[in-house]
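Going by this note's numbering, the first residue of the sequence shown is number 83, and it counts up by one from there. Heads up, the beta-carbon is just placed ideally off N, CA and C, and yes, glycines get one too. Below is one structure, written out as structure tokens, with a few remarks after it.
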Amino acid sequence: MTTNEKAGEFAFIEGLTAELSAKELIFPTSLNATMKIRKALSHPEISNDAVARIISAEPVLSAQVLRLSNSVLYNRTNKRISELRVATLTLGFAAVRNVAISVGMKQLTEHKSTGQSSQRMEGLWARSLRVAAMSYVVAKDLTKFSPDKALLAGLLHDVGKFYILNRARHYQDLFTSEKTLWDLVDQWHGSIGAAILENWDISDDIRSAVMDCRSTDIPLAAKPTLTDVLATADFLDAHFVAKSIDVVDWKVIPPALQNLHLDQEKVETLMAETKGELGLILQAIA
Numbered sequence: 083m084t085t086n087e088k089a090g091e092f093a094f095i096e097g098l099t100a101e102l103s104a105k106e107l108i109f110p111t112s113l114n115a116t117m118k119i120r121k122a123l124s125h126p127e128i129s130n131d132a133v134a135r136i137i138s139a140e141p142v143l144s145a146q147v148l149r150l151s152n153s154v155l156y157n158r159t160n161k162r163i164s165e166l167r168v169a170t171l172t173l174g175f176a177a178v179r180n181v182a183i184s185v186g187m188k189q190l191t192e193h194k195s196t197g198q199s200s201q202r203m204e205g206l207w208a209r210s211l212r213v214a215a216m217s218y219v220v221a222k223d224l225t226k227f228s229p230d231k232a233l234l235a236g237l238l239h240d241v242g243k244f245y246i247l248n249r250a251r252h253y254q255d256l257f258t259s260e261k262t263l264w265d266l267v268d269q270w271h272g273s274i275g276a277a278i279l280e281n282w283d284i285s286d287d288i289r290s291a292v293m294d295c296r297s298t299d300i301p302l303a304a305k306p307t308l309t310d311v312l313a314t315a316d317f318l319d320a321h322f323v324a325k326s327i328d329v330v331d332w333k334v335i336p337p338a339l340q341n342l343h344l345d346q347e348k349v350e351t352l353m354a355e356t357k358g359e360l361g362l363i364l365q366a367i368a
């Protein structure tokens with residue numbers, strides 16, 4: 083690495099550190115608006131009519147809520163829904179909040195990204211969607227946790243990486259190699275992710291799951307946690323994408339899978355039985 087490259091990398095890290103210290107994370111205006119909507123939706127006494135009015139202020143979110151309410155996953159009647167008030171009742175507030183997160187994250191991936199930067203974002207977004215869908219299925223089929231909460235954890239599990247890649251667009255001349263960039267991402271995404279989840283008032287159990295899902299110290303426990311759900315989804319997705327699930331040593335699987343009492347046979351059954359459902363979830367949240 084040249085002297086100029088080292089100086090540029092230092093400037094980038096210094097900027098991230100300053101943003102973290104000041105708790106002034108810099109997001110696109112569209113994402114900030116979406117997150118304000120999500121925060122409003124979290125008010126315990128908000129009415130369904132108020133939710134519909136709030137959503138109507140954001141056209142992209144409105145369109146996604148209506149589309150989701152008419153999906154096979156949520157609408158079993160085949161009766162077309164065209165009003166936001168009916169759509170929010172059909173989905174429920176938890177699902178609507180997840181849609182807000184999904185829309186906001188997708189806006190982040192599309193924000194002025196071109197070329198290689200766009201490809202990085204799209205790849206990361208595709209993986210977040212897959213892990214979210216897998217988390218939903220694992221929670222619904224193997225635990226008593228809310229599938230919607232598990233899906234949200236999946237959507238957010240790499241949020242720190244999204245932030246760093248978005249900020250790195252301003253330093254494109256610095257990152258002469260993919261390794262340089264991803265080394266920084268690996269080093270900083272945990273701290274950045276924690277700050278983002280705090281800034282967005284994400285619940286403690288989801289924050290813990292996101293921050294701990296890749297820990298090598300997940301404890302063995304009689305009762306599974308949301309962290310186990312997310313860690314399992316992350317593990318399975320990585321192996322299915324790499325087509326390496328057949329070479330997993332099931333005698334030394336991660337504690338998260340053990341806490342969910344999973345083995346090779348149960349994983350194969352789970353995937354076979356939920357393949358169609360996974361497709362519907364991906365279609366709904368993409």
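Confirm, please, whether the CB-CB distance from residue j to residue i is below 7 Å.
i    : j    : result
V220 : H239 : no
V185 : L150 : no
Y218 : I363 : yes
L302 : P336 : no
L190 : N152 : no
I119 : E140 : yes
A215 : L360 : yes
I288 : A368 : no
W270 : L113 : no
D316 : W332 : no
L342 : L224 : yes
D230 : A177 : yes
L237 : I183 : yes
Report the three-state DSSP secondary structure of residue i (helix, strand or coil).
i    : result
W207 : helix
A139 : coil
I363 : helix
R158 : coil
F175 : helix
D345 : coil
V334 : coil
P229 : helix
F92  : helix
K188 : helix
S59  : Look at the range of the chain in this structure, 83 to 368, and you will see that residue 59 is not part of it.
N432 : Since the displayed the chain opens at 83 and closes at 368, residue 432 lies outside it and no answer follows.
L107 : coil
L165 : The displayed chain sequence assigns Glu, not Leu, to residue 165. It is coil, neither helix nor strand.
E101 : helix
A134 : helix
I128 : coil
A368 : coil
Could you pull out every residue in the same chain whose Cβ sits closer than 7 Å to the Cβ of residue i, ignoring the five residues on either side in sequence?
i    : result
A134 : L166, R167, T170
D294 : I300, T309
L211 : L364, I367, A368
V154 : L362
P306 : T225, N341, L342
T116 : E140, L143, A182, V185, G186, Q189
Counting only the same chain and skipping the five closest in sequence on each side, list residues whose C-beta sits under 8 Å from that of residue i.
i    : result
F94  : R249, A250, Y253, L256, L266
S164 : L148
L102 : S273, I274, A277
D283 : K121, S124
V330 : H321, Q346
T172 : S151, Y156, N157, I163
Apart from the five residues on each side of it in sequence, which residues of its chain come closer than 6 Å, Cβ to Cβ, to residue i?
i    : result
L339 : T314
V61  : Within the shown structure, residues of the chain are numbered from 83 to 368, placing residue 61 beyond reach of any answer.
### Message
I want to know whether the region 310 to 326 touches the region 276 to 283 - three or more CB-CB distances under 8 Å.
### Response
Because the criterion of three Cβ pairs below 8 Å is not met, the region 310 to 326 and the region 276 to 283 do not touch.
### Query
Just checking, does the region 233 to 250 make contact with the region 195 to 210 on the three C-beta pairs under 8 Å criterion?
Short answer: they touch.
#### Entry: Three CB pairs or more closer than 8 Å across the region 115 to 129 and the region 268 to 275
Under the Cβ criterion (8 Å, minimum of three pairs), the region 115 to 129 does not count as touching the region 268 to 275.
### Message
For the structure I just gave you, are there three or more beta carbon pairs, one from the region 320 to 333 and one from the region 356 to 363, closer than 8 Å?
### Response
Verdict: no, contact absent.
### Query
For the region 241 to 329, which segments carrying the alpha helix (DSSP H) assignment without a break, of at least 4 residues, lie completely within its bounds, in sequence order?
Fully enclosed alpha helix (DSSP H) runs of 4 or longer: 241 to 250, 260 to 281, 286 to 294, 308 to 324.
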